[in-house]
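Inspection log for the structure reproduced underneath, given as structure tokens.
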Amino acid sequence: MNIEDYKKMVKEFSPQENRLKNILVSFFVGGLIGFLGEFFIYFVTECFGTSQVEASMWLCLFLIVVGTFLTALGFFDTWFSKLKCGLIIPTTGFAHSVASCALDFKKEGLITGLGANFFRLAGSVILYGILSAFFLCVIKVMLIG
Amino acid sequence: MNYLYAFLFAGIACALAQIILDNTKLTPGHITSLFTCLGALFSFLGLYDGFIEKFGAGATVLISNFGHMLYSSAYQGYLEEGVLGIFSGMLCKSSLAITGAIVFSFLVSLVFNPKD
Numbered sequence: 005m006n007i008e009d010y011k012k013m014v015k016e017f018s019p020q021e022n023r024l025k026n027i028l029v030s031f032f033v034g035g036l037i038g039f040l041g042e043f044f045i046y047f048v049t050e051c052f053g054t055s056q057v058e059a060s061m062w063l064c065l066f067l068i069v070v071g072t073f074l075t076a077l078g079f080f081d082t083w084f085s086k087l088k089c090g091l092i093i094p095t096t097g098f099a100h101s102v103a104s105c106a107l108d109f110k111k112e113g114l115i116t117g118l119g120a121n122f123f124r125l126a127g128s129v130i131l132y133g134i135l136s137a138f139f140l141c142v143i144k145v146m147l148i149g
Numbered sequence: 037m038n039y040l041y042a043f044l045f046a047g048i049a050c051a052l053a054q055i056i057l058d059n060t061k062l063t064p065g066h067i068t069s070l071f072t073c074l075g076a077l078f079s080f081l082g083l084y085d086g087f088i089e090k091f092g093a094g095a096t097v098l099i100s101n102f103g104h105m106l107y108s109s110a111y112q113g114y115l116e117e118g119v120l121g122i123f124s125g126m127l128c129k130s131s132l133a134i135t136g137a138i139v140f141s142f143l144v145s146l147v148f149n150p151k152d
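In order, the protein sequences belong to chains V and P. Residues in the first sequence are numbered consecutively from 5, following the numbering used here. Residues in the second sequence are numbered consecutively from 37, following the numbering used here.
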């Protein structure tokens with residue numbers, strides 16, 4: 005069997021994901037989280053009389069708590085395989101990446117395991133977020149002064 | 037109407053991420069980093085405050101809001117304290133997300149065990 009045939013065979017047997025369905029699913033899940041978030045902000049501003057900005061900070065914290073607990077209870081990974089990007093683009097994805105590392109490396113000890121690997125996945129988000137924000141800020145300062 | 041806008045904006049952002057994930061070799065880690073940088077970029081262009089005003093929670097729930105918070109608090113720091121403010125003010129708003137994630141993940145990891 006030559007390489008071309010082999011490649012053809014691999015293509016035939018590898019599972020075909022329905023891309024359109026993936027996109028629609030992540031659209032609805034992400035949209036639903038945005039919808040529920042809007043409802044949460046309405047609820048907090050009405051019931052506790054906070055400002056819009058403060059309510060959106062509570063929303064951010066609430067999403068982190070939800071993401072962390074879903075990861076700890078083991079739902080997040082199974083849901084992610086079904087719901088796709090709808091779960092990782094909202095802030096729940098950030099909480100998941102921290103919580104899953106914390107859980108996975110817990111058994112290697114508190115310092116060398118949990119502490120050293122805490123930001124294994126979320127570190128890239130923080131690093132590149134801060135770097136891009138810093139350089140954009142420098143550019144803005146140079147342009148406007 | 038606000039609810040519809042929030043739904044559409046968050047949904048379209050997630051659908052875009054899914055299109056990138058399916059058609060390239062990037063992992064979810066790449067995509068969250070990319071969206072954070074995009075958030076900082078939109079904030080730099082002065083668009084993100086408009087997004088939050090128009091789409092409400094639709095723009096706040098996304099990871100790109102993290103980039104927006106980083107950029108806006110760094111620039112706020114510059115306006116208040118000069119160049120030193122960029123460094124000292126960078127994490128001002130987004131320490132909410134970082135501290136929250138650290139505290140809850142640590143507490144949860146003490147109680148639960150990983151499920152495979």
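Ideal Cβ positions, reconstructed from N, Cα and C, are used throughout, including at glycine. Remember, predicted model here, so these are calculated numbers, not experimental data.
Query	Result
So the candidates are P:THR63, P:LEU74 and P:SER124; which of them puts its Cα closest to the Cα of P:ALA49?	P:LEU74
Since V:GLU50 contacts P:GLY92 with CB under 8 Å, what's their CB separation in whole angstroms?	No, V:GLU50 and P:GLY92 are not in contact; Cβ-Cβ is about 14 Å, not under 8 Å.
Excluding five sequence neighbours on each side, which residues of the same chain lie with their C-beta closer than 8 Å to the C-beta of V:THR95?	CYS64, LEU67, ILE68 and GLY71
Using 8 Å as the threshold, is the C-beta distance between V:THR82 and V:HIS100 below it?	no
Could you work out which residues of chain P lie near V:ILE130, taking near to mean beta carbons separated by less than 8 Å?	ILE134
So P:THR60 contacts chain V; which residues on that side make the cut at Cβ distance below 9 Å?	By Cβ distance, chain V contributes nothing, its closest Cβ being about 12 Å from P:THR60, past 9 Å.
To the nearest angstrom, how far is the alpha carbon of V:TYR10 from that of P:ALA137?	46 Å
What does the alpha-carbon distance come out to for the pair V:GLY38 and V:ASN6?	51 Å
Our contact map puts P:ALA42 next to V:PHE31 with C-beta atoms below 8 Å; I'd like the distance itself, whole angstroms only.	Contact doesn't hold; Cβ gap of about 13 Å is too wide.
Between V:CYS89 and P:LEU146, is the Cβ-Cβ spacing less than 8 Å?	no
Could you check whether the Cβ of P:MET37 sits closer than 8 Å to any Cβ belonging to chain V?	no
Starting from the beta carbon of P:CYS73, find every residue of chain V whose beta carbon is closer than 8 Å, and list them in chain order.	TYR132, GLY133 and SER136
Taking three-plus beta-carbon pairs below 8 Å as touching, is the region 130 to 141 of chain V in contact with the region 103 to 118 of chain P?	yes
When Cβ atoms are compared, which residues of the region 8 to 35 of chain V fall closer than 9 Å to chain P?	GLU21, ARG23, ASN26, ILE27, LEU28, VAL29, SER30, PHE31, PHE32, VAL33, GLY34 and GLY35
Do the region 62 to 71 of chain P and the region 94 to 102 of chain P make contact, defined as three or more Cβ pairs closer than 8 Å?	yes
So V:PHE109 packs on V:GLY117, CB below 8 Å; how close in whole Å?	4 Å
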